[in-house]
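Below you'll find the structure, written out as structure tokens, and then a few comments.
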Amino acid sequence: MVRRHRRRAGLDAQWPARTSPGEQWGGRGISGGQWQRLALSRIHLRGAGIWILDEPTSAIDAEAEQEIFAELYANRADRITLVVTHRAWTLRQMDRIYVFDDGRVVESGTYTELLRRRGRFADLFAQQAEGDLAALSAEPVTSGDM
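Per numbering that gives the first Met the number 0, the sequence shown starts with residue 0, numbered consecutively.
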């Protein structure tokens, strides 16, 4: 069972089975993204009915982030999952999204509904997309520039 949860969180490829994370406990130093994967693995193992995830993939690369959110979505049937994030695209498959502004709910709906409303959520999405598009239109980095 532990191996299945390690695999779900993407840990099998990174650590041998008996790795002790955290230098403070006499183990191996690990990155912020690895700590996040470990935390996600632990919540799978615990089997709680409610998961509250605050920026659960902020230190994880985009490809792994997509895999983790796909896993969360695929295994959501038996629990309530509350995800707090500033990355609009990570919420695509969520059943319901609540948008907060200044501590108050200002919008709620599905991903598509919120984009079509062209409200606060759509503004946040557009700002994030503009940043991505600006990076794409910038001068390419060559190996000599690194």
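Heads up, the beta-carbon is just placed ideally off N, CA and C, and yes, glycines get one too.
field: Same chain, Cβ closer than 6 angstroms to Leu52, neighbours up to 5 away in sequence not counted
entry: Reading the sequence shown from its first residue, position 53 is the one you call residue 52. For Leu52, where only same-chain residues beyond five positions count, the Cβ hits under 6 angstroms are Val82.
- prompt: Looking only at DSSP bridge pairs, what is Ile49 linked to?
  reply: Taking the first residue of the sequence shown as 1, we reach residue 49 at position 50. Ile79, per the DSSP bridge assignment.
query: Looking at the unbroken beta strand (DSSP E) that takes in Arg103, where does it start and where does it end?
result: Taking the first residue of the sequence shown as position 1, residue 103 is located at position 104. Bounds of the beta strand (DSSP E) holding Arg103 are Arg103 to Gly108.
query: In chain order, what residues of the same chain have a beta carbon less than 7 angstroms from the beta carbon of Ala87, not counting five sequence neighbours either side?
result: By 1-based counting over the sequence shown, the position of residue 87 is 88. Counting only Cβ-Cβ distances below 7 angstroms, and skipping sequence neighbours, we find Phe120, Leu123, Phe124 and Gln127.
query: What did DSSP end up calling Asp161 once you bin it into helix, strand or coil?
result: The requested residue 161 does not occur in the structure, where the chain is confined to residues 0 to 145.
- prompt: In this structure, does DSSP put Asp100 in helix, strand or coil?
  reply: Sequence index remark: in the sequence shown, residue 100 carries index 101 (1-based). Note: Asp100 maps to strand in three-state DSSP.
query: Counting pairs of beta carbons, one from the stretch 64–77 and one from the stretch 95–102, are three or more of them closer than 8 angstroms?
result: no
field: Own chain, CB closer than 6 angstroms to Gly32, minus 5 neighbours either side, in chain order
entry: Numbered from its first residue, the sequence shown carries residue 32 at position 33. Close CB contacts of Gly32 within its chain, under the 6 angstroms cut and outside five residues either way in sequence, are with Ala58 and Ile59 (chain order).
- request: Measure how close the beta-carbons of Leu149 and Ile67 come, nearest whole angstrom, since I'm counting them as under 8 angstroms.
  value: As displayed, the chain neither begins before 0 nor continues past 145, which places residue 149 out of reach and without an answer.
query: So, is Gln92 buried or exposed, given that buried needs 16 or more other C-beta atoms within 10 angstroms?
result: Residue numbering aside, residue 92 sits at position 93 when the sequence shown is read from its first letter. Its Cβ having fewer than 16 others within 10 Å, Gln92 is exposed.
task: Can you have a look at Leu71 and say buried or exposed, based on whether 16 or more other CB atoms are within 10 angstroms of its CB?
output: Looking up residue 71 in the sequence shown gives position 72. By the 10 Å Cβ count, Leu71 comes out buried.
field: Sequence-distant residues of its chain with Cβ nearer than 6 angstroms to Gln65 (five each side left out)
entry: If you number the sequence shown from 1, residue 65 lands on position 66. Once the five neighbours on either side are set aside, Gln65 has no close Cβ partner at all.
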